[in-house]
Structure formats: C-alpha cells, structure tokens
Amino acid sequence: MVSTENSEQARAIIETYLLDGERRYDRTRVAELAGVEPETTRRLWSALGFPAGADDAVEYTDADVAAVRGFRGLAVFEETDSRAAAAAARTLGQSMARLAEWQAELVASEILERSDGSAGSIRAATESAVAQFEELQRYAWRRHLAAAITRSLDGNGSEDSTRTLAVGFADMVGYTRLTRHLHPDELGMLLEAFESTTTAAITQNGGWVIKNVGDEVMFAAETPLQAAKIALAVQESTMMVGGTPELRVAVAYGPALQRFGDLYGSVVNIAARLTGVARPGTVLIDDATASALADEPQFSIRHLRSVRVRGFNRLRPHVLRTRERR
Numbered sequence: 001m002v003s004t005e006n007s008e009q010a011r012a013i014i015e016t017y018l019l020d021g022e023r024r025y026d027r028t029r030v031a032e033l034a035g036v037e038p039e040t041t042r043r044l045w046s047a048l049g050f051p052a053g054a055d056d057a058v059e060y061t062d063a064d065v066a067a068v069r070g071f072r073g074l075a076v077f078e079e080t081d082s083r084a085a086a087a088a089a090r091t092l093g094q095s096m097a098r099l100a101e102w103q104a105e106l107v108a109s110e111i112l113e114r115s116d117g118s119a120g121s122i123r124a125a126t127e128s129a130v131a132q133f134e135e136l137q138r139y140a141w142r143r144h145l146a147a148a149i150t151r152s153l154d155g156n157g158s159e160d161s162t163r164t165l166a167v168g169f170a171d172m173v174g175y176t177r178l179t180r181h182l183h184p185d186e187l188g189m190l191l192e193a194f195e196s197t198t199t200a201a202i203t204q205n206g207g208w209v210i211k212n213v214g215d216e217v218m219f220a221a222e223t224p225l226q227a228a229k230i231a232l233a234v235q236e237s238t239m240m241v242g243g244t245p246e247l248r249v250a251v252a253y254g255p256a257l258q259r260f261g262d263l264y265g266s267v268v269n270i271a272a273r274l275t276g277v278a279r280p281g282t283v284l285i286d287d288a289t290a291s292a293l294a295d296e297p298q299f300s301i302r303h304l305r306s307v308r309v310r311g312f313n314r315l316r317p318h319v320l321r322t323r324e325r326r
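Each residue of the sequence shown is one higher than the one before, starting from 1 at the first, in UniProt numbering.
Right, dumping it as structure tokens:
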C-alpha cells in the first residue's frame, strides 16, 4: 500500500504514465510539431473538455502532439465543416470525461492495492492495472461499436441521420422526494438497482440505452414490438427489486434524428410527454405504436381519451399490458 507520505510521488508517477511522458511542450510548440495552426489546438483542447491555458504554458506531451496529428489525419474531419468537427470532439470529450470520473477511484484503488509504496512498485502496479482496464474497455467499446455501426448502416450511414425507431422513457415516481430523505449511500444503491435492472431489460429485448439521467432512462429499439417488450419488462423487473419506486414508462414510434449517440425529434418529445402523464406502474404508447401492435395477440391495448400536454394540443395515449393467458 502507498502511504500518505508517498501519495505525491504516486500521483506524479501515475500521471506521467497516463500522459505517456513528461509535460514538455507549450501549445504553440504542439501546433508546430503537428503541422496545424495554434488556434486549431486551442479549439480542439476546448472541445475535448481540457483546460486551454496560456499558449506558453508547458502542459503537453508527445502523446498530445500525436493526438492532434491523429485528428488532422481523419478524413471525416477534413471533409466536414469546423462546427461539425468541434461537435464530434466535444461529444468524445464529454463521454471520456464521464467515464474517467467514474473510473478514477476504482483504478487508483487498484494501483494502490497492488503497490508496496516504492517508486518501482507504483510504476509496475500502474502499468498492470491500467493495461487491464484498457483491455476491458477496448473489448466493451468494440462490441458496442460493432452493434452501433450495424444500426448506423441500416440508416443512411451519415453522422446525422433520420431513422424510424421506437423511443421510450422509464421514470422513477417520487424520486425528488426520495432524494431528500435518503443517505447518499442509499441513493447510490437505489440508482444502481434502477440502472442495472432497466439496462438488462432493455438489452435482453433487443434495444439499447440512449442515456441515463438520474431518475430516468431513455432507450430505443428498431421495432414497436421490441420496444413494447422492453417497456413491460422494465416495469416487471423493477417491481421485483425491493425498495425501488414505481415507474412511469412510455413508448412512441416514428422518425428520429440520430446525432452523436442521442435522439431528437417529435417522436422523442411524444414519448417524454406520455411518460409525464402515465400513472405509476403503467406503460403508455402513442398512436403509431398502438397501430403497429394491434394484431399482436400477446398484448392488451386500452385506448384512452386524448390529453393536452406541452407542445401537443391532442395526444392520444394507449395503455399497454401483457394479455393474460386463459
């Protein structure tokens, strides 16, 4: 284990390893070595979420130079406008920042557990632990990338594409009230239970998670049938987990703009509005989903009166249930 006295040394060793060397260059020198304008590196650093300090601050390593060259060498960035390139870099930076924040304590703990406190041991532990996490991350990324590319090629293959999808939301009832009374550890356990059960229900029924935002998960599926199975499975799975609040779940079907892993458009807004008016423990679907599922014998659909919600004067919900077997 690394003592408190050696923690500063450990931080320096870990940083040097993760940055692939010592900080040797200022941003002007990075631009010269990479063959770009200094302003390009400033925009790139800012888009990726890194602090872009003074041009003469010695903050950068050989890995930074290689990264700028790598971005410059990607044909997709050469062929698109600067705003689109910045948006791509920003999305990448935000995703990696969130992943790093989650991993930081876990990776640091693993390094410290493997080390006896000496400089050589810290270096060896850092190399071993980081390599192991990188391999697991590479594996997960490649699997997700393969699935995402397949879905992308089913569309028009462009970064911003419109596809017809079933989009759904699942929202915990009474989450705001709960957060006022739960200890942070209890809140963490609640969110873990919610995210793990909903993710399993979504992926096992052919869909994929778009994002988790606190008490809500957004998901998508290729077909209304898949989305219906997901919605009902999400409700059922959370009911089996003790202490998990009831959910409101809703699904809508139609064209959606797919951009940097997120979805936009009227179908997303409809699903969100239906979630807001759903009763706890129920699943609501829109007209398009109800029409697509009308001949599916495994479902029972009850039509409700139209409601007026923000952005929609008349939105007709339908309650989706599993048809009871006789």
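Glycine residues also receive a C-beta, built at the ideal position from the N, C-alpha and C atoms.
By the 16-neighbour rule on beta-carbons within 10 angstroms, Arg302 is exposed. DSSP places Ala256 inside the beta strand (DSSP E), whose first and last residues are Leu247 to Arg259. Around the beta carbon of Asp295, fewer than 16 other beta carbons lie within 10 angstroms, which makes this residue exposed. Going by C-alpha positions, Val307 is about 8 Å away from Pro317. The C-beta separation of Leu247 from Met189 comes to about 17 Å, leaving the pair out of contact by the 8 Å criterion.
Taking all protein chains in view, the Cβ of Ala146 is surrounded by fewer than 16 other Cβ atoms within 10 Å, so the residue is classified as exposed. At the C-beta level, Thr197 and Tyr253 stay beyond 8 Å of one another.
The C-alpha of Phe169 lies about 46 Å from the C-alpha of Thr28. Per the Cβ contact rule, the region 102-122 is not in contact with the region 59-72 (fewer than 3 Cβ pairs under 8 Å).
Assignment of Leu320 by DSSP, reduced to helix, strand and coil, places it in the strand class. Non-local beta-carbon contacts of Gln103 in its own chain, meaning distances under 8 Å to residues more than five positions away in sequence, involve Phe133 in chain order. Within a 10 Å sphere around the beta-carbon of Leu18 sit fewer than 16 other beta-carbons, which makes this residue exposed. Per DSSP, the unbroken beta strand (DSSP E) holding Asp262 starts and ends at Asp262 to Tyr264. Partner residues in the beta bridge of Gly168, as assigned by DSSP, are Phe219 and Val251.
Annotation for Arg302: no alpha helix (DSSP H) segment contains it, though the beta strand (DSSP E) segment containing it runs Phe299 to His303.
At the C-beta level, Val309 and Ala278 stay beyond 8 Å of one another.
Three or more Cβ pairs closer than 8 Å define a contact, and the region 222-231 falls short of that threshold against the region 257-266.
In this structure, Val30 sits near Val65, with a CB-CB distance shorter than 8 Å.
Nearest to Trp208 by alpha-carbon distance, out of Thr176, Ala148, Gly21 and Ser46, is Ala148. For the pair Pro224 and Leu293, the CB atoms are nearer than the 8 Å cut-off.
At a Cβ-Cβ threshold of 8 Å, Pro297 and Arg314 do not count as neighbours. For Leu315, the uninterrupted beta strand (DSSP E) run begins and ends at Phe312 to Leu315, by DSSP. Boundaries of the beta strand (DSSP E) around Leu284: Val283 to Ile285.
Within the same chain, and ignoring the five residues on either side of Ala47 in sequence, the residues whose Cβ sits closer than 7 Å to its Cβ are Ala86, Ala89, Arg90 and Gly93. Thr164 is classed as exposed because its beta carbon has fewer than 16 other beta carbons within 10 Å across all chains shown. Residue pairing by DSSP places Tyr25 opposite Tyr60 in a beta bridge. Taking C-beta atoms under 8 Å as the contact rule, Glu22 and Thr16 qualify, at a distance of about 6 Å. Here the C-alpha atom of Pro280 lies approximately 44 Å from the C-alpha atom of Val130. In this chain, the alpha helix (DSSP H) harbouring Arg177 covers Tyr175 to His181.
In the DSSP assignment, Thr162 forms a beta bridge with Leu257. Put simply, the backbone Cα of Tyr60 is about 57 Å away from that of Ser291. By the beta-carbon neighbour count (other beta carbons within 10 angstroms, threshold 16), Asp185 is exposed. When rounded, the separation of the alpha-carbon atoms in Leu99 and Val213 is 15 Å.
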